[in-house]
């Protein structure tokens with residue numbers, strides 16, 4: 406009898422302990438798993454590194470400030486060195502871990518894994534704004550306007566502000582890859598649809614130490630504007646060569662000189678550091694707020710960077726802002742799904758993202774406009790801000806713009 | 408006409424820098440018959456050491472430049488002593504594989520520092536206004552690059568032709584066993600070859616970094632970009648590296664200046680040097696100044 410009582414008491418104790426553990430677990434809330442794979446080292450890591458820091462910091466902030474109540478986000482961030490095979494392996498391991506949303510990086514890996522995203526029916530936010538990511542895809546959500554949209558909008562800006570007679574003569578200076586080439590076709594379509602400019606030449610750059618021959622050639626063809634879609638380093642070398650040869654326009658559109666403009670990854674603080682005075686007047690499109698134009702959003706961005714001990718370079722990088730932004734969108738989707746009483750899974754987050762439009766659009770503090778997604782629109786921030794280098798910093802030029810021709814050529 | 412001369416000047420500038428970057432490969436091959444696939448990483452390391460000494464430590468850039476050459480001299484010598492010395496006498500392919508591994512190790516080490524991922528640029532220390540004559544311009548950065556290249560290449564040529572150590576290095580290159588039999592220390596020569604290659608790589612890294620900015624990916628890619636220069640010049644010829652470098656630079660600039668943008672062509676500046684390389688190798692398989700060894704059995 407005594408033994409039976411002891412056994413009963415032991416069983417009660419075990420039950421009590423189990424209950425206590427369960428209760429504690431519930432008090433701790435749910436953990437939502439996300440995965441991110443990007444180039445923290447290797448090619449393009451100058452962008453990938455601050456991008457990863459932005460994402461990491463924002464998710465830490467979400468958890469520490471209990472933005473999702475007791476629930477937390479567990480986002481594993483892994484380096485893929487810009488290699489698609491490693492990205493694929495990372496993605497597959499994340500799936501095994503039960504992620505509910507995936508954050509990707511490069512154009513190559515986003516295109517390469519597009520089928521996998523479709524099969525897994527998982528929403529993906531890449532750092533690549535390549536318009537081709539959206540072709541035959543339902544699950545890729547571009548954070549901001551596509552490179553194509555940016556290049557076409559920049560072309561429209563050139564046409565509207567063209568100084569001189571006749572058509573604006575333009576050369577494209579692009580990265581020798583799918584990332585670089587894709588938007589050029591759309592710019593050509595815009596010209597075919599009536600955009601009043603002439604694309605005189607498309608230059609695919611290499612690892613050039615001297616661009617004199619190319620710049621002189623463009624001048625001999627009366628090119629007035631050079632639109633770049635690549636990364637900062639080759640643009641910086643080109644700008645320095647142009648300044649040395651005395652070919653850079655002193656003011657926008659100066660006749661007989663070259664005015665330089667560029668899309669997202671060509672600009673930012675690194676360009677100023679690399680090109681120095683040679684980038685004075687460089688015109689750049691970006692959908693993010695820049696810390697050189699202080700506002701509430703950039704104050705929050707700098708505070709976040711300070712909180713997590715980031716240096717000035719990372720804190721002021723637009724790539725850091727871009728990294729924060731995808732974390733903001735992912736967090737917002739989880740928050741909205743949770744508020745709607747939905748289970749946090751791949752399917753419901755996908756639905757929530759698609760519903761992020763109209764009065765339900767989302768305005769993160771890092772961007773110059775709201776994020777809007779729907780089943781037919783998977784480019785988040787449609788607005789673009791034109792910035793220009795003045796006194797060693799990128800400064801706003803006018804109000805945010807949107808491409809008119811992209812809708813015509815779609 | 409200024410268009411033509413500008414292309415000539417640009418071609419010579421680019422070619423000279425290629426020659427300097429190729430010099431390290433030639434020096435290692437000349438003494439040990441090994442193609443060093445970690446050369447690009449040493450180029451990058453030299454540039455970053457100069458930046459670190461200049462910006463972080465605060466040493467004037469000229470002294471930082473000299474110091475980085477000294478540091479990479481000993482760094483490359485240590486690499487040879489630690490990793491490659493024990494491979495003397497082993498098949499060449501084993502040594503080449505080790506240099507590939509070494510490249511990965513240096514990659515990893517640089518990735519551990521901010522230099523592996525971020526863009527930097529040297530503080531401006533040369534006049535910004537270019538030198539212009541008759542419509543042809545050259546920046547001070549480019550001019551100083553060309554001068555340093557020719558000083559170093561002249562120095563190394565003298566070293567190999569006139570100095571006892573240089574002659575012993577050539578002797579090792581010709582015949583290791585023969586050199587040993589006359590009392591030359593082959594391991595010491597190998598160490599010196601790597602050290603001098605490290606020194607020239609640092610110089611190349613600083614010059615390239617001053618033109619393109621300091622980006623690890625860009626800098627270390629020059630270790631591969633200059634391979635055609637070395638092959639065209641004839642693997643073990645310093646003069647060959649100079650001539651081939653300038654030929655490559657001129658072809659690149661002329662192709663870019665006259666072919667690109669015409670007849671639907673694009674990117675010929677990157678492709679033409681390889682096409683010319685293949686054509687020349689058809690007629691001179693050992694390169695322009697390479698030694699054609701005849702083995703009699």
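Residue numbers (my numbering), protein chains in the order written: chain A, 406 to 815; chain B, 408 to 704. All C-beta atoms, glycine included, are put in the ideal place defined by N, C-alpha and C. Because the structure is a prediction, the values reported are computed rather than measured.
Query, Result
"Straight-line gap, residue 476(B) to residue 460(B) (C-alpha atoms, nearest Å)", "12 angstroms"
"Inter-residue spacing [alpha-carbon to alpha-carbon] between residue 420(B) and residue 728(A)", "40 angstroms"
"9 angstroms Cβ cutoff met for residue 697(A) and residue 549(A)", "no"
"Buried/exposed call for residue 545(A), threshold 16 Cβ in 10 Å", "buried"
"Beta-carbon proximity check, residue 694(B) vs residue 688(B), cutoff 9 angstroms", "yes"
"C-alpha distance - residue 424(B) paired with residue 434(B), whole-angstrom precision", "16 angstroms"
"Members of the region 615-637 of chain B near chain A, C-beta cut-off 9 angstroms", "615, 618, 619, 620, 621, 622, 623, 624, 625, 628, 629 and 632"
"Chain B contacts made by the region 641-662 of chain A, where a contact means CB separation under 7 angstroms", "641, 642, 649 and 650"
"Contact set between residue 445(A) and chain B, taken where Cβ atoms lie within less than 8 angstroms", "524"
"Beta-carbon proximity check, residue 513(A) vs residue 584(A), cutoff 9 angstroms", "yes"
"Best match in 643(B), 426(B), 532(B) and 451(B) for proximity to residue 469(B) [C-alpha to C-alpha]", "532(B)"
"Unbroken alpha helix (DSSP H) run spanning residue 498(A), endpoints", "489-502"
"Three or more C-beta pairs below 8 angstroms linking the region 651-665 of chain B and the region 474-492 of chain B", "no"
"Chain B contact for residue 505(A) (CB, 9 angstroms cutoff)", "no"
"Proximity to residue 805(A) [Cα-Cα], best of 647(A), 524(A), 788(A) and 754(A)", "788(A)"
"With 16 other Cβ atoms within 10 Å as the buried cut-off, status of residue 455(B)", "buried"
"4 or more residues per run - each alpha helix (DSSP H) lying fully within the region 606-676 of chain A", "617-625 and 637-650"
"Below-9 angstroms beta-carbon distance, residue 539(B) vs any chain A residue", "yes"
"Neighbouring residues, chain B, relative to residue 627(A) (Cβ below 9 angstroms)", "By Cβ distance, chain B contributes nothing, its closest Cβ being about 13 angstroms from residue 627(A), past 9 angstroms."
"Segment contact flag, the region 497-513 of chain A with the region 726-742 of chain A, C-beta cutoff 8 angstroms, min 3 pairs", "yes"
"Chain B within 9 angstroms of residue 667(A), Cβ atoms only", "no"
"Residue 795(A) - partner residues in DSSP beta bridges", "798(A)"
"Under 7 angstroms from the C-beta of residue 637(A): neighbouring residues of chain B", "526"
"C-beta neighbour in chain B for residue 761(A), strict 9 angstroms", "no"
"Identity of the residues DSSP links to residue 538(B) by a beta bridge", "545(B)"
"Chain E residues whose Cβ lies nearer than 9 angstroms to that of residue 612(A)", "Given the protein chain composition of this structure (A and B), no chain E is represented."
"Cβ-based contacts, 9 angstroms cut-off: residues of the region 680-691 of chain A near chain B", "680, 681, 682 and 683"
"Proximity test, Cβ basis, 9 angstroms: residue 448(B) and chain A", "no"
"Inter-stretch contact (C-beta, 8 angstroms, three-pair minimum) for the region 700-712 of chain A and the region 558-569 of chain B", "no"
"Contact with chain A by residue 652(B), beta-carbon distance below 9 angstroms", "no"
"Continuous alpha helix (DSSP H) stretch holding residue 493(B): start and end", "Looking at the DSSP string, residue 493(B) is not in any alpha helix (DSSP H), and its letter there is neither H nor E."
"Contacts that residue 488(A) makes with chain B (C-beta to C-beta distance below 9 angstroms)", "Residues of chain B passing the Cβ test: none, with the nearest at roughly 13 angstroms."
"C-beta neighbour in chain A for residue 438(B), strict 9 angstroms", "no"
"Residues near residue 606(B) by beta carbon distance below 7 angstroms, same chain, minus five either side", "476, 479 and 480"
"Same chain, Cβ closer than 8 angstroms to residue 673(B), neighbours up to 5 away in sequence not counted", "667"
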